[in-house]
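Under full-length UniProt numbering, read the sequence shown as residues 1 to 410, first letter to last.
From the three backbone atoms N, C-alpha and C, an ideal C-beta is built for every residue, glycine too.
Here's the structure, in structure tokens; my notes come after.
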Amino acid sequence: MKILFVSYFFPPYAHATAVERTVLIIRHLYEMGHEIRVITARNYTFFQRDPSYLKYIPEGIKVARPSALEPSTLFARSGASSGTSKRLFRNFLWPDSRVFWLANALPSGIRFVRSFKPDIVVSIAPPYTDLLLGYLIGKRFHIPHVVDLLDPWSEDLYGMYPRWWQKELTFFFEEIILKSARGVVVATYPMKWRLLERYKFLRPEKVENITFGIIKENAEKIGGIDYSLPFTVLYLGTLQGGHKNPSGFIRAFAKFLKLHTDARLKIAGNVEGEVRNFIEENLPKEKVEFLGYIKNEDVYKIVNGAHVLWLLISRAPWFELVMPAKTISYLGFLRPILATVPEGWTAEFLRKMGVTVVDNENEAGILEALETLYHDYENRDLKLPKRELIGEFEYSKIAQKYEKFLKTAL
Numbered sequence: 001m002k003i004l005f006v007s008y009f010f011p012p013y014a015h016a017t018a019v020e021r022t023v024l025i026i027r028h029l030y031e032m033g034h035e036i037r038v039i040t041a042r043n044y045t046f047f048q049r050d051p052s053y054l055k056y057i058p059e060g061i062k063v064a065r066p067s068a069l070e071p072s073t074l075f076a077r078s079g080a081s082s083g084t085s086k087r088l089f090r091n092f093l094w095p096d097s098r099v100f101w102l103a104n105a106l107p108s109g110i111r112f113v114r115s116f117k118p119d120i121v122v123s124i125a126p127p128y129t130d131l132l133l134g135y136l137i138g139k140r141f142h143i144p145h146v147v148d149l150l151d152p153w154s155e156d157l158y159g160m161y162p163r164w165w166q167k168e169l170t171f172f173f174e175e176i177i178l179k180s181a182r183g184v185v186v187a188t189y190p191m192k193w194r195l196l197e198r199y200k201f202l203r204p205e206k207v208e209n210i211t212f213g214i215i216k217e218n219a220e221k222i223g224g225i226d227y228s229l230p231f232t233v234l235y236l237g238t239l240q241g242g243h244k245n246p247s248g249f250i251r252a253f254a255k256f257l258k259l260h261t262d263a264r265l266k267i268a269g270n271v272e273g274e275v276r277n278f279i280e281e282n283l284p285k286e287k288v289e290f291l292g293y294i295k296n297e298d299v300y301k302i303v304n305g306a307h308v309l310w311l312l313i314s315r316a317p318w319f320e321l322v323m324p325a326k327t328i329s330y331l332g333f334l335r336p337i338l339a340t341v342p343e344g345w346t347a348e349f350l351r352k353m354g355v356t357v358v359d360n361e362n363e364a365g366i367l368e369a370l371e372t373l374y375h376d377y378e379n380r381d382l383k384l385p386k387r388e389l390i391g392e393f394e395y396s397k398i399a400q401k402y403e404k405f406l407k408t409a410l
């Protein structure tokens, strides 16, 4: 197959597990013999860049990078804060702040398609501007279009649409794009069930759950647990309000520290200002370490020094549809996982994988789980996720599933 991917975020100008998924699926599809091209953006604002992902991109893949046109760039030049620009532009932008990229991306994409002549176009969202570009290219050249939704769109998880007309446009275009799509990929089963419930024209076999995966090379660098180190809990990823509000865990961990003064918490990733203040107010400074963003190629180093990985989902609108992108990566690291998540599909999935699951608001339950883990640590007997269930999430297997679904869309 000749496959054209539309992915606004792509190395080296972005990071995060969502970008990792795109890159690793593309890599394995290319190794399986498919011709791959990518339309992405350049010169856009993103809070972190990680060029270490470039090593996963085969040399034979051609990438078109039409320049981004973002309001935040203009505000940065004027000296205004990013928070101010986001609040201001959120009131009249749609579908997101990347929409002006279409002015450059559509002409560039048309030229790219004329020379490449793809069999299929895949749009990966968010950002949801990718869906518009993929839809327009598909319509213009009568090419099958597949939508890949890492997050739901019309449910507006992140409060991007404060105005009624933005919500109406989203419902309108979501239906149009999904109706014309040859297939829809989603990151969780609840997202699939939600779409099938809302849009009766979607057939179950045309909506496929393809989750995030495990980078085998990274997982192989993880050594055994070092029980000589102080008991360390590690969090990987962003911390913010909404779906990543850590208050329940932090209050429980504060109580835990009074009983076990040797324990430590390490946080690797970007932490929202108010969340960081809350953590610093509740935990002794010497017991918590903010590591900032860790490059993909260096993550194994901090995992090797940890005893427990902490995973978080907090209650927020439509929390039951999402699963943290790091979830599958955690399983590959073969460390005990403490998941503080509300009851639902993600909690059930994690229990099947041998993960300790506690409701994110159950402070007593979180404290009890920490005590159990600490007891196992003292006895050098920490329980790992079920190794026999993890292999199916290696990206080579994820790409095989992706390939099989794309073939049904031709």
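If I follow the unbroken beta strand (DSSP E) through valine 38, where does it start and stop? For this step, residue 38 is matched to residue 38 along the sequence shown. Valine 38 -> beta strand (DSSP E) spans 35-39.
Between the C-alpha atoms of proline 284 and phenylalanine 393, what's the straight-line distance to the nearest angstrom? As a first step, residue 284 must be located in the sequence shown, where it is residue number 284. As a first step, residue 393 must be located in the sequence shown, where it is residue number 393. So the two alpha carbons sit approximately 38 Å from each other.
Give the DSSP-derived three-state secondary structure of glycine 292 in the structure shown. Sequence index remark: in the sequence shown, residue 292 carries index 292 (1-based). Residue state, collapsed to three classes: strand.
Residues that DSSP places opposite aspartate 148 in a beta bridge: Translated into the one-based positions of the sequence shown, residue 148 becomes position 148. DSSP output for aspartate 148 lists Ile124 and Val185 as bridge partner(s).
Check whether the segment 32-39 touches the segment 144-154, counting contact only when three or more Cβ pairs, one atom from each stretch, lie closer than 8 Å. no
Contacting residues, own chain, Cβ-Cβ under 7 Å from serine 81 (five flanking each side not counted): The residue labelled residue 81 in the question sits at position 81 within the sequence shown. Annotation note: pLDDT 49 at serine 81 (below 50); position unreliable, coordinate value reported separately. If we look at serine 81 and ignore the five residues flanking it on each side, it has no Cβ neighbours.
Close-in-space but distant-in-sequence residues of the same chain around valine 357 (CB under 6 Å, 5 per side omitted): For the purposes of this step, residue 357 is taken as residue 357 along the sequence shown, with counting starting at 1. Once the five neighbours on either side are set aside, the close Cβ partners of valine 357 are Ala339, Ala347, Leu350 and Arg351.
Can we say the segment 206-221 touches the segment 261-273, given the rule of at least three CB pairs closer than 8 Å? no
Check whether isoleucine 124 and valine 6 have beta carbons under 9 Å apart: For this step, residue 124 is matched to residue 124 along the sequence shown. For this step, residue 6 is matched to residue 6 along the sequence shown. Yes; because the gap between Cβ atoms is below 9 Å, this pair is in contact.
Would you give the residue range spanned by the beta strand (DSSP E) that tyrosine 235 belongs to? One-based indexing of the sequence shown puts residue 235 at position 235. Run containing tyrosine 235: 232-236, per the beta strand (DSSP E) assignment.
Roughly how many angstroms separate the alpha carbons of leucine 265 and isoleucine 137, rounded to a whole number? Numbered from its first residue, the sequence shown carries residue 265 at position 265. Numbered from its first residue, the sequence shown carries residue 137 at position 137. Using only the alpha carbons, I get a separation of about 47 Å.
Given a threshold of 16 other Cβ atoms within 10 Å of its Cβ, counted over all protein chains shown, does phenylalanine 333 qualify as buried or as exposed? Working through the sequence shown from its first residue, we reach residue 333 at position 333. Counting Cβ neighbours within 10 Å, phenylalanine 333 comes out buried, since at least 16 surround it.
What are the boundary residues of the alpha helix (DSSP H) that includes lysine 62? Reading the sequence shown from its first residue, position 62 is the one you call residue 62. Not the alpha helix (DSSP H): lysine 62 falls in the beta strand (DSSP E), residues 62-64.
Compare the beta carbon distance of leucine 367 and aspartate 376 with 9 Å and say whether it is the shorter of the two. As a first step, residue 367 is located in the sequence shown; it is residue number 367 there, counting from the start. As a first step, residue 376 is located in the sequence shown; it is residue number 376 there, counting from the start. Cβ distance not < 9 Å, so leucine 367 and aspartate 376 don't count as in contact.
Thinking leucine 229 and tyrosine 199 are a contact (beta carbons under 8 Å), I'd like their distance in whole angstroms, please. In the sequence shown, residue 229 corresponds to position 229, counting from 1. In the sequence shown, residue 199 corresponds to position 199, counting from 1. Not confirmed; about 51 Å, so no contact.
Own chain partners of serine 97 with C-beta closer than 7 Å, once the 5 adjacent residues on each side are dropped: Stepping through the sequence shown from its first residue, residue 97 is reached at position 97. Taken in chain order, the residues that qualify are Glu70, Pro71, Ser72 and Phe89.
With C-beta atoms as the reference, is leucine 312 less than 9 Å away from leucine 373? Your numbering for residue 312 matches position 312 in the sequence shown. Your numbering for residue 373 matches position 373 in the sequence shown. Not a contact, by the Cβ cut-off of 9 Å.
For the putative contact between arginine 182 and alanine 409, defined by C-beta atoms under 8 Å, what is the C-beta separation to the nearest angstrom? Your numbering for residue 182 matches position 182 in the sequence shown. Your numbering for residue 409 matches position 409 in the sequence shown. Between alanine 409 and arginine 182 the Cβ distance is about 4 Å, and since that is below 8 Å, they are a contact.
Could you tell me the alpha carbon to alpha carbon distance between residue 412 and valine 185, rounded to whole angstroms? What is shown of the chain runs 1 to 410, which leaves residue 412 out entirely.
Contact defined as beta carbons within less than 8 Å: I believe alanine 68 pairs with tyrosine 53. What is the distance between those atoms, to the nearest angstrom? Start at 1 with the first residue of the sequence shown, and residue 68 comes out as number 68. Start at 1 with the first residue of the sequence shown, and residue 53 comes out as number 53. Contact flag wrong, Cβ pair sits at about 18 Å.
Nearest-angstrom Cα distance between aspartate 156 and isoleucine 337? For the purposes of this step, residue 156 is taken as residue 156 along the sequence shown, with counting starting at 1. For the purposes of this step, residue 337 is taken as residue 337 along the sequence shown, with counting starting at 1. Rounded to the nearest angstrom, the two C-alpha atoms are 29 Å apart.
Classification of histidine 142 by the beta-carbon crowding that lies within 10 angstroms, buried from 16 upward: As a working mapping, residue 142 is identified with position 142 in the sequence shown. Histidine 142 comes out exposed.
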